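Below you'll find the structure, written out as structure tokens, and then a few comments.
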Amino acid sequence: MTERNCLHCVLPPHMLENIARNGTGEERDWALRTLAVDSSTRQVRAERELMRAPVAVFGAAGPHKKRLIHDAKTGTTLPGTLVRSEGQAATGDAAVDEAYDGLGATFDLYWDIYQRDSIDNAGMDLIGTVHYDKKYDNAFWNDVQMVFGDGDGQYFNRFTIAIDIMGHELTHGVTAHQANLVYHDQPGALNESLSDVFGSLVKQYAQSPRQTAADADWLIGAGLFTPAINGIALRSMKAPGTAYDDRVLGKDPQPDHMSKYVNTTRDNGGVHINSGIPNRAFYLAAIALGGYAWEKAGKIWYATNCDPRLSPTASFQDFANLTADNAAKLFDADVAAKVAEAWRQVGINVAVPGLSGDWILHYSWGSTTTYGQASITFNADHSFSGSNTGQWRLRDGTLLLSYTSGPAKYAGTLDSNVANGEMSTFAGLDGAWYLTRKGIVGVMDDTSAGVLAARQPYDAAGSTW
Amino acid sequence: MNPGAEGGDLRLRFEMDGGFAYIPALAEPLEVDTATIDPTEAATLRTLLTEAHFFSLPARPEAPARGADQRTFTITATEAGRTHTITLTEPIRDPALAQLVDHLRQRQREAL
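Protein chains in written order, with the numbering used here: chain W, 75 to 539; chain P, 557 to 668.
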């Protein structure tokens with residue numbers, strides 16, 4: 075998990091205002107004093123940097139969950155009339171209650187799993203408006219609140235009908251406070267994808283019983299179409315491009331691979347179209363990692379949204395690289411390899427952090443005492459180069475090497491800490507082989523087959539034993 | 557020249573983009589030529605343009621709202637040798653512009 079910043083002296087003014095409005099008596103007094111005395115440009119300049127990393131304002135105070143659902147009564151004035159506040163009973167108006175429940179479930183996922191306190195991680199009120207405009211076929215986030223239309227009734231039902239839509243819109247707020255990905259082309263599609271990812275996780279987390287990655291439907295907006303439409307949902311993260319195929323709406327245009335990337339000026343450069351590619355990468359990673367998707371894949375993607383290295387203009391490649399890196403940091407090289415493999419399957423090659431740099435392969439064919447050495451470098455496109463060339467794969471902790479020339483194929487277990495240059499041992503059928511990071515001085519442990527003397531020193535350059 | 561004036565041919569192009577439920581087929585641009593439509597509808601379009609002061613507006617009459625999933629509307633009108641294009645992002649604050657977009661949106665839906 076990305077480290078949280080502990081703030082001792084500087085908070086953005088809006089956070090202070092929020093604390094002044096919603097904090098305990100002591101917190102309010104402090105916030106008001108700070109607001110009064112500190113409106114310096116330093117604070118303004120600091121705001122953006124502070125907003126990029128998760129912050130805990132008052133760790134001991136707990137989360138601030140406050141939903142305020144409004145009714146626009148088919149008008150367009152925002153936020154409209156307040157109809158349900160935090161803790162109040164259901165109203166019987168489906169849109170009001172679905173918005174209340176959906177925003178609550180989204181808040182819970184972010185707090186329970188990622189310890190994020192609302193949209194801004196500082197307890198921002200969750201303001202929602204339903205019954206916006208007449209026959210309104212949309213939902214949006216306007217940097218202050220979430221807005222949901224009733225749909226036209228012809229093609230679309232109400233936009234609160236699927237819980238992931240509330241998760242999607244609220245996550246736009248989270249992203250605005252974190253990576254702040256610009257809303258066009260690839261960074262825009264990543265912005266959209268993050269909203270679909272966490273919208274889907276909200277749906278999986280809110281189910282009773284909770285759903286594993288394997289059990290989830292990975293649909294966005296299931297139930298949003300009226301029966302007049304031939305489609306199961308608006309988007310499918312599992313199979314982008316298959317959510318609908320209808321006489322009026324046409325076919326779902328989402329690509330599932332970089333080879334099908336849609337170059338367009340419409341839709342801000344296809345932000346709702348090309349999001350299919352990172353959506354499927356997340357789905358593949360979640361399936362490969364198993365269990366509940368929010369536990370590993372979700373943590374990696376959330377950490378990446380909060381990662382200060384993620385530029386607002388990040389490309390798919392930039393984002394993919396950081397997910398693999400964060401996977402290695404949060405978990406291990408095996409998880410990172412699975413994340414990299416997920417991206418590879420959608421056409422984006424990511425170097426596995428645990429295998430970066432130059433290595434020495436020590437190999438023995440039928441001999442237990444003499445080892446040859448070969449330099450080897452693992453490339454992002456799953457090729458390796460050096461003394462020989464070939465292809466590598468890392469699956470379920472097993473490193474597979476296949477040489478371009480000759481029949482040699484090696485398989486062995488890769489230690490999760492190999493990136494630190496510690497020993498990893500491999501045993502092929504026709505001999506023994508070992509992989510060590512070049513330049514690392516150490517000792518190699520005895521193997522069970524006794525092919526090496528116990529803890530025999532070796533030359534870091536890999537020239538002699 | 558007053559775009560509401562009778563007589564001259566007025567051509568309009570309306571594009572809608574984006575939105576949580578962006579579907580290309582529902583966002584097909586609408587093209588209208590007042591010479592080929594019902595005169596009452598032609599007069600309505602001229603009135604809407606006039607009330608919005610369309611040809612006097614800057615290309616971006618309203619500062620684009622921050623946020624995500626808001627739809628964008630681009631309207632181009634050509635009349636008497638002049639062409640003007642404006643782009644709006646919802647929520648549209650000017651009531652006259654909102655009414656113009658609502659009307660064009662409705663026509664676009666009817667054309668599906």
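Idealized CB from N, CA, C, for every residue including glycine. Please read these numbers as outputs of a predicted model, since none were measured by experiment.
Across the set W:290, W:296, W:429 and W:385, the C-alpha of W:296 shows the shortest separation from the C-alpha of residue 577 of chain P. Per the Cβ contact rule, the stretch 647-659 of chain P is not in contact with the stretch 579-590 of chain P (fewer than 3 Cβ pairs under 8 Å).
The bridge partners DSSP lists for residue 447 of chain W are W:436. In the three-state reduction of the DSSP assignment, residue 189 of chain W falls in the coil class, being assigned neither a helical nor a strand state.
Judged by their CB atoms, residue 568 of chain P and residue 601 of chain P are nearer to each other than the 8 Å cut-off.
Interface with chain W (8 Å Cβ-Cβ cutoff): residue 573 of chain P is included.
Between residue 207 of chain W and residue 137 of chain W, the C-beta gap is not smaller than 8 Å, which leaves the two residues out of contact. In the same chain as residue 236 of chain W, and ignoring 5 residues on each side of it, the C-beta atoms closer than 7 Å to its own belong to 295, 296, 297 and 298, in chain order. Among the residues of the stretch 146-180 of chain W, those with a Cβ less than 7 Å away from any Cβ of chain P are 150 and 152, in the order of the chain. Rounded to the nearest whole angstrom, the CA to CA distance from residue 348 of chain W to residue 422 of chain W is 13 Å. Of all residues in the stretch 386-409 of chain W, none has a C-beta nearer than 9 Å to a C-beta of chain P. DSSP places residue 246 of chain W within a helical segment (H, G or I) once states are collapsed to three. Close partners of residue 301 of chain W in chain P (Cβ separation under 9 Å) are lacking, with about 17 Å as the shortest Cβ gap. Pairwise C-beta distances place the stretch 337-356 of chain W in contact with the stretch 258-265 of chain W, as three or more of them are shorter than 8 Å. Excluding its 5 nearest sequence neighbours in each direction, residue 315 of chain W has C-beta neighbours in its own chain below 6 Å: 326, 328 and 330, listed in chain order. Assignment of beta-bridge partners to residue 465 of chain W by DSSP yields W:457 and W:476. Out of P:606, P:579 and P:642, the CA that lies nearest to the CA of residue 619 of chain P is found in P:642.
The continuous beta strand (DSSP E) containing residue 586 of chain P extends over residues 586-589. For residue 217 of chain W, the nearest beta carbon of chain P is closer than 8 Å to its own beta carbon.
Inclusion of residue 367 of chain W and residue 287 of chain W in the CB contact set at 8 Å is warranted, their separation being smaller than that value.
Note: residue 326 of chain W is not bridge-paired with any residue in the DSSP secondary-structure output. By the Cβ test, the stretch 192-205 of chain W is in contact with the stretch 213-224 of chain W, since at least three Cβ pairs between them sit closer than 8 Å. The Cβ of residue 460 of chain W sits no closer than 8 Å to any Cβ of chain P. The three-state reading of DSSP puts residue 346 of chain W in coil, since its state is none of H, G, I, E or B.
The stretch 365-437 of chain W is shown to contain whole alpha helix (DSSP H) runs of 4 or more residues at 371-379, 390-404 and 407-419, in chain order. Only those residues of the stretch 621-636 of chain P whose C-beta falls short of 7 Å from the nearest C-beta of chain W are listed: 621, 622, 623, 624, 625, 626 and 627.
For the 8 Å CB-CB criterion, residue 625 of chain P and residue 243 of chain W form a contact.
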